[in-house]
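For reference, the structure discussed in these notes is given below.
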Amino acid sequence: LARTPSWDPPEDVVGTLGREDQEGNYHFEDVLVNDDDPYQLTNPAYAPNIFSKLKEAFPENFPRLLTSINFRPVFSVGLNGTGQTDIAHHYHGITTMLLLTGEKIWALLPPGDSDCETQRHNCLDPFDVCKYYEESNKETPACVQRAGETIVIPDAWYHGTCNISPWVLGWGYQGRRIPLVAASPTRAADNSAITQQQHSDDGNSDEEGDNGHTDATAAQPRPTFVTIEETEYPFLGKGITR
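In our numbering, the protein residues as written are 2 to 243.
And the structure:
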């Protein structure tokens, strides 16, 4: 957890970002929260307007070291006692989230955790993080995020959450763009997907292996970008796209 420098949010974060209608529903631009839907986790593909509002209300609030985690914006809003309950199936690329108001418990387990892979003990789907910590004999939560703090969840970590304030709002990002370049000039020359084929003095390529040659030191890799969501993780045996 990283504390955001000079954190100075509006006095009423919920009122700044949302409004209540006559039926008691709260509208955070295009995100609806009520007793029937007390928890929402969304991204711009489903709710673009709230992200415009977030950037207006909370500019430049992410720690500088985390600005490269910027592939997919996410917004989380929930009432007390709600949270992410599919811990055994909930993992994705590196994630950062700034908590705007309230407090949130995070339950975290590393990639390859045997309980998560077999869905047993404390890594199930569903698994109610709130109910787990409500039991009197359970330990104190190891990770409690508070308003003004930014959390970083590493690649492929299983996680579930529990909101423990009347309102809990957070926003952040999942995944990042990674430039892929060859590790050495020789490797660049061998990878036709990212190099320009060099030609010999007589204009013939080296397809025959006789007259042509490739000048490895002159090969220039083409910039290539991928995202965490497109990457295969061998230790999981599957891509992390969820």
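Glycine included, C-beta positions come from ideal geometry on N, C-alpha and C.
Predicted model only: the values in this text are computed from it and were never measured.
Residue i versus residue j: straight-line alpha-carbon distance, rounded
| i | j | result |
| --- | --- | --- |
| residue 166 | residue 36 | 15 Å |
| residue 17 | residue 150 | 19 Å |
| residue 75 | residue 139 | 30 Å |
| residue 89 | residue 133 | 15 Å |
| residue 141 | residue 107 | 12 Å |
| residue 10 | residue 144 | 22 Å |
| residue 189 | residue 69 | Any reading at residue 189 must be qualified, since the residue scores a pLDDT of 41, below 50, and its modelled position is unreliable; the value itself is stated next. C-alpha separation (whole angstroms): 25 Å. |
| residue 28 | residue 159 | 30 Å |
| residue 136 | residue 79 | 21 Å |
| residue 8 | residue 62 | 8 Å |
| residue 155 | residue 25 | 37 Å |
| residue 184 | residue 20 | Per-residue confidence for residue 184 stands at a pLDDT of 41, beneath the threshold of 50, marking its modelled position as unreliable; no derived number is given. |
| residue 244 | residue 122 | Any question about residue 244 goes unanswered here, given that the chain covers just 2 to 243. |
| residue 45 | residue 15 | 19 Å |
| residue 13 | residue 115 | 43 Å |
| residue 176 | residue 157 | 11 Å |
| residue 33 | residue 146 | 24 Å |
| residue 2 | residue 22 | 35 Å |
| residue 199 | residue 67 | With a pLDDT of 36 at residue 199, under the threshold of 50, the modelled position of this residue cannot be trusted; read the value that follows with caution. One C-alpha to the other measures close to 39 Å. |
| residue 113 | residue 55 | 35 Å |
| residue 73 | residue 153 | 14 Å |
| residue 38 | residue 131 | 17 Å |
| residue 148 | residue 4 | 9 Å |
| residue 111 | residue 64 | 24 Å |
| residue 96 | residue 168 | 21 Å |
| residue 85 | residue 42 | 9 Å |
Where the alpha helix (DSSP H) through residue i begins and ends
| i | result |
| --- | --- |
| residue 53 | 49-58 |
| residue 135 | 130-135 |
| residue 16 | 14-18 |
Given residue i as reference, the closest of the options once Cα atoms are compared
| i | options | result |
| --- | --- | --- |
| residue 109 | 77, 145 and 161 | 161 |
| residue 81 | 163, 96 and 177 | 163 |
| residue 117 | 96, 135, 92 and 105 | 92 |
| residue 83 | 59, 96, 40 and 14 | 40 |
| residue 94 | 87, 71 and 115 | 71 |
| residue 87 | 146, 120, 112 and 67 | 120 |
| residue 57 | 38, 77, 30 and 42 | 30 |
| residue 104 | 55, 96, 38 and 77 | 77 |
Element boundaries [beta strand (DSSP E), containing residue i]
| i | result |
| --- | --- |
| residue 42 | 40-43 |
| residue 162 | 159-164 |
| residue 2 | Counting along the chain, residue 2 falls outside any beta strand (DSSP E), and DSSP gives it neither H nor E. |
| residue 147 | 145-147 |
| residue 25 | Element bounds for residue 25: n/a, residue is neither H nor E. |
| residue 150 | 150-154 |
| residue 173 | 168-175 |
For the 8 Å Cβ check, are there 3 or more pairs between the region 159-178 and the region 97-105? yes
Take every Cβ of the region 117-129, pair it with every Cβ of the region 42-53, and state whether three or more of those distances are shorter than 8 Å. no
At what residue ranges does the region 62-135 contain a whole run of the beta strand (DSSP E), taking only runs of 3 or more? 73-80, 96-102 and 104-110
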